[in-house]
Every structure is written in structure tokens, then in C-alpha cells.
Amino acid sequence: MPKTYKTAQAFCLTSAFWFTMATSAGMIGAGYLIAPDFMANIEWIHFGRIRPIHVNINLFGFVTPGLLASAFYFLPRLLRTELYSEKLGIASCVLWNIYVFAGVVGIALGYTQGREYAELAWPVDILVGISFGLVVFNLFMTVRQRKEPILYVSIWYTCAAVLLTTTTYCIGNVIWRPDTGALLGIPDAIILWFYGHNVFGLLLTPLGLAVAYYVLPLVCRSPLYSHTLSLIGFWSLLVVYTHIGTHHLLQVPVPTWLKVIAIVDSVAMVIPVMIFLINIWFTVKGKLGVIYADIAGKFIFTGTIMYFFVNIQGSIMSLPQVQRVT
């Protein structure tokens, strides 16, 4: 790989390594479902610890670094410039691996905040914030020194993902309360699911869409169907997705108005999703043979189909009538 893409390479290798660790943790966790006494005497890999280890490795060790690797590759190309600082990129990747390792070891030893998707202890939270901050600075400085005047939609999604997640992570993990990493009672549940849902909606989803918007037109050698439509989808995703976390708490005594907003926005997620799908599917229209012949194209196009079904499922499951029986 050229010297200018060393950061992308580092994050790609990070993703590949932690993928093997995540798979191993998942297999151990699955073993407990078949045989509850399976390695039950080994405290640090008991089910109550191996499950959050599996989730956090997948989230921060495998998926996010893989998507960031893609971003560090395509962002300079789309901007017709080089990454602002490869050294800073490598440093952020090293720190990223340190916090994932520290988080996993901490959970295995029982150091956890005990909150879903926010299990990492406070010192690790600080490392997460610094790591994201370095990524944000590097990417935004790259955008600043661009030679391309038009910002393609993948740039919008990537920059929004890393910037908003830095803020969302700090809020959701209540880093101003180092003693507990949490609030009390219902307010903590609300803020937890604000984070728990947005770590997918404001991190993984935008980065995934950014990759799709870059790869599929490139594979098909077709221009994007509509740049305007892509930006409408971008802004509608940010407006709608940020408020839906409370649909996890419909059977909990949270304020009714918050439940209503969560339900309405959950159903309204159909809008940004369908805008994206219409845009990307019309871009590749008549090029399915080309996609079939390209391994990256096949994976990503299949992902767009899964994105459609997951959105329909999520919107339906946000309805109180459905949640009562599911």
C-alpha cells in the first residue's frame, strides 16, 4: 500500500485482528447457551463478562476501525489531497488499540459501568474520547486543505459520524461522573439509550453509507444518481435518528412526550433510508452483472438490501402494540 495510506492500512489491520478476537469471544458466549456450566469456573470469561466483551470488541475493535480504514482511504482521494498527518493517524490507531485492549481486560476483571454498550470504565472512556478527537482533527484538517471544491456526500457522512460520536460518547458515558459513569434512575436510562442507539445511528450507519456511496458508483463506473438527494438523505438521517433511543423504554415510566417523539421518528426513519436506497439503487441500475463480478460490490450491495429490511423491522418494533408482545 502506498505510503500515503498507512493510516488506512493500520486501521484495516486493527479491524482484522479484533475480528478474530470478537469471533472467539462470541463462540465462548455461544457455548454457555448450549452448556451453561461451560468453563463456568473461569471467572474472567463467565457469560456476564464475555458477552459485553464480545459486543465491545465488535463495536470498537472490528466494525468501527474497518469503516475508519475505508474513510482514511477514500477521503483524501475524494478531496484530491493527502491525509493531513499520517503520523497523527498512526498515533490515533495505536491509542485506539490500547483503549480496546484496556477495555476488554477491564471488563474481564470486573471493572465495568454496568450499562449496555457503555460498559467501559471511566479511564478507558477518556482514552476513547482522545482517540476520536485525534481522528476528528485529522479528518477535518484534511478537508480544510482539500483541492476539490465540491464535498461529495461520503465526506459529509464521514465527518458527521466522527464529530457527533465524539460528543455522543462523552454524554452517553456520563464522563463528568467518574465515580459511577452514570446518572440515577430514569434519567440515566434515557441518556443511556440516547447513546446506545446513536452509537449505531450516528457512527456505524453514516460510515457505512459513506462507504456505499463511494464504492458502488466506483464499481459500476456510474455517476451518483442525485447529489441533491444524497444531501437530503444525510440531513434527514441526522434529524430523525438522534431522537429514537427512547423506543427501547416504551414500557418504562419516561415522559410521554419523549416516547411519542421516539415512536414518530422511528417510523420516520423510512424517509432517510428510502432516500438512500432509491439514490444508490438508481445509481447501479442495469449494472448488477458488474456488481456480481466485484467482491466489494457484492458485499456492499447486499448490505443495502439488509439495510432496507432492518429499517422496516426497527420501525415496526418501535410501535407500542408490537413491543407488548415482543
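Numbering of the sequence shown is given in my numbering, commencing with residue 3 and proceeding in unit increments. Ideal Cβ placement from N, Cα and C applies to all residues, glycine included.
query	result
Given that a residue counts as buried once 16 or more other Cβ atoms are within 10 Å of its Cβ, and exposed if not, what is M319?	exposed
So which of H250, G91 and P151 has the shortest CA-CA distance to I132?	G91
Identify the continuous alpha helix (DSSP H) that holds W195 and give its terminal residues.	G187 to V201
Quick check: what's the CA-CA separation for T248 versus F311?	21 Å
I need the straight-line Cα distance from N313 to G235, nearest angstrom please.	14 Å
Looking only at its own chain, which residues have a Cβ that is under 8 Å from the Cβ of V126, when we skip the five neighbours before and after it?	Y101, A104, G105 and G108
L186: which of K289, G116, V201 and T304 sits nearest, CA to CA?	G116
If you follow the alpha helix (DSSP H) that V102 is part of, which residue opens it and which one closes it?	E88 to A110
Give me the residue from F202, F303 and Q325 with the minimum Cα distance to N58.	F202
For R148, collect the residues of the same chain with a Cβ closer than 6 Å to its Cβ; drop the 5 residues on either side in sequence, then sort them by chain order.	L81 and T83
Grab the span of the alpha helix (DSSP H) containing G31 for me, first residue to last.	K8 to I36
Based on Cα-Cα distance, which residue from Q253, V155, Q11 and P180 lies nearest to V217?	V155
I'd like to check one pair, C161 with F142: are the Cβ atoms closer than 8 Å?	yes
Count the other CB atoms within 10 Å of the CB of T304; is the residue buried (16 or more) or exposed (fewer)?	exposed
Apart from the five residues on each side of it in sequence, which residues of its chain come closer than 7 Å, Cβ to Cβ, to A184?	Q115, R117, V176 and D190
Just to confirm my understanding: we take K261, look at its own chain, exclude 5 residues before and 5 after, and list those with CB closer than 7 Å. What are they?	T248 and L252
Helix, strand or coil for L224? Go by DSSP, reduced to three states.	Checking the sequence, you will find Ser at residue 224 rather than Leu. Note: S224 maps to coil in three-state DSSP.
G135 to A32, Cα distance in whole Å?	35 Å
Between the region 61–73 and the region 29–43, are three or more C-beta pairs nearer than 8 Å?	no
Can you tell me which of G316, L211 and T167 puts its alpha carbon nearest to the alpha carbon of I282?	L211
Could you check the C-alpha separation between V286 and W46 for me, to the nearest Å?	48 Å
Could you tell me the distance, in whole angstroms, from the CA atom of G291 to the CA atom of T258?	50 Å
Taking the straight line between their C-alpha atoms, what separation do you get for S48 and H56?	Note that residue 48 is His in the sequence shown here, rather than Ser. One C-alpha to the other measures close to 12 Å.
Can you give me the Cβ contacts of L111 inside the same chain, cut-off strictly under 7 Å, excluding the 5 residues immediately before and after it?	W46
Keeping to the same chain, check which residues put their C-beta closer than 7 Å to that of V138; ignore five residues upstream and five downstream.	V164, L165 and T168
Can you tell me where the alpha helix (DSSP H) holding N175 begins and where it ends?	Counting along the chain, N175 falls outside any alpha helix (DSSP H), and DSSP gives it neither H nor E.
By alpha-carbon positions, which one of P180, T66 and V269 ends up nearest to L205?	T66
What are the boundary residues of the alpha helix (DSSP H) that Q315 is part of?	I297 to M319
Would the beta-carbon of L97 fall within 8 Å of that of L129?	yes
Measuring only the C-alpha atoms, how far is M308 from W124?	35 Å
Give me the Cβ distance between S238 and I273, rounded to the nearest whole Å; I'm assuming they're in contact under 8 Å.	5 Å
Spatial neighbours of A12 within its chain, please: C-beta separation below 6 Å, excluding the five flanking residues on both sides.	I92 and C95
Is the distance from the Cβ of I192 to the Cβ of V242 below 8 Å?	no
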